[in-house]
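>
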Amino acid sequence: ITKNDLQNMLANLLEKANENTKRMLDDRIPEEKSEKRRKLEKVKLTSKANQQQFDYQGQVVDIFEKAENSLQKQKYDEVSDLLTKGKDICFARMKVLMIADRDGWGTANAYQSDDLASDEDDEKRIQKAIREAARKRRLKESNSAHNSNSSQSNFSSHHMDSRPRQKPKIPIEELECWRCGKKGHFFATCTNPPKPTETLVGNPTDNTSN
C-alpha cells in the first residue's frame, strides 16, 4: 500500500465520520424541538378564544418542524406536502375568522365543532352552524331571564318578611282624651273642662294632730 492509498483511505474514513456526525446532529434537532412542543401542549389558557388561537399556532409550528426535518434529510417531496398542509391549515383558520367577523363567534365555534361529511356543501354547514348558535343564544337568554326573575322574587319575599310589622291602628272614635276623659279627640285639641281629680278620704295629717 502506497502512501497515497493510505491518505485516500483516511480521507474517506474522515468523510464518512463527518457525515455520520452531521446526520446524528440533524436527527437531534427535531427531537429537541418536539420536546419543547410537548411542553407547550400542556399549556391551558383561561380564555377559550386564546386557547383556540394558541392551538392553531401550535399546529403551524408542528408543520414547520416537520418540514425543516425533511429538508435537512433532503426529502423534498415531504417538504412540499407539508407546505401544502400548512397552507390548508392557515386558510381554514382565516375562514373561521371571516365567519366570526360576519356571524359572530358562536357561529364560528359551531362551524368548527360540526363533524359533517367532507363532501357536504360547505354553505349548508355554515347555515347549520348559524342555526345552532342562535339556538344556544336563545337558551342562554331564557335561562338568564329565569334566574333574574327568581332572584327578584326571592329578594321581594325576603324583603317583605324582614320589614317590621306595624301595630293595627285604633280608630279615633275609640281613643280617650286623658284630660277630659271623653272619646273621639286628643288632648291637644280638647276644649272640654278637665275631669275632676279624685280626692283622698281623710287627711293623713289629721292623724298626727290627735
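Once you know that position 30 of the sequence shown is 30 in the UniProt record's numbering, the rest is easy, because the numbers rise by one and skip nothing. Heads up, the beta-carbon is just placed ideally off N, CA and C, and yes, glycines get one too. From a predicted model like this one, the values you see are computed outputs, not experimental measurements.
Pull up the DSSP beta-bridge partners for residue 183, would you.
In DSSP, residue 183 forms a bridge with 176.
> Starting from residue 47, follow the alpha helix (DSSP H) in both directions and report where the run begins and ends.
Note, residue 47: premise wrong, no alpha helix (DSSP H); not H, not E.
> Work out the CA separation of residue 96 and residue 80 for me, nearest whole Å.
So the two alpha carbons sit approximately 25 Å from each other.
> When you compare each of 144, 141, 110 and 142 to residue 128 by their alpha carbons, which one comes out closest?
When each option's Cα is compared against that of residue 128, the closest is 110.
> Helix, strand or coil: which one does DSSP assign to residue 90?
It is helical.
> Please list, in chain order, all residues of the same chain as residue 193 whose beta carbon is under 8 Å from its beta carbon, the five residues on each side excluded.
Closer than 8 Å at Cβ, skipping near neighbours: 180.
> Decide if residue 108 is buried, meaning its Cβ has at least 16 other Cβ atoms within 10 Å, or exposed.
Classification for residue 108: buried.
> Buried or exposed: residue 39, going by 16 or more other Cβ atoms within 10 Å of its Cβ?
Exposed is the call here.
> Is the region 74 to 91 touching the region 130 to 146, taking contact as three or more C-beta pairs under 8 Å?
No: fewer than three Cβ pairs fall under 8 Å.
> Which residue marks the beginning of the alpha helix (DSSP H) containing residue 107, and which one marks its end?
105 to 113 is the extent of the alpha helix (DSSP H) around residue 107.
> Does the pairing of the region 53 to 65 with the region 84 to 101 give three or more beta-carbon distances under 8 Å?
In short, these stretches touch, since the Cβ pair count reaches three.
> Within a Cβ cutoff of 6 Å, which residues of the same chain sit near residue 89, ignoring the five residues on either side of it in sequence?
Answer for residue 89: 59, listed in chain order.
> Hey, how far is the Cα of residue 116 from the Cα of residue 130?
For residue 116, the predicted structure reports a pLDDT of 49, less than 50, and the residue's modelled location is therefore unreliable. The matter cannot be settled from this model.
> Pick helix, strand or coil for residue 189, following the three-state DSSP scheme.
DSSP places residue 189 in helix when its eight states are reduced to three.
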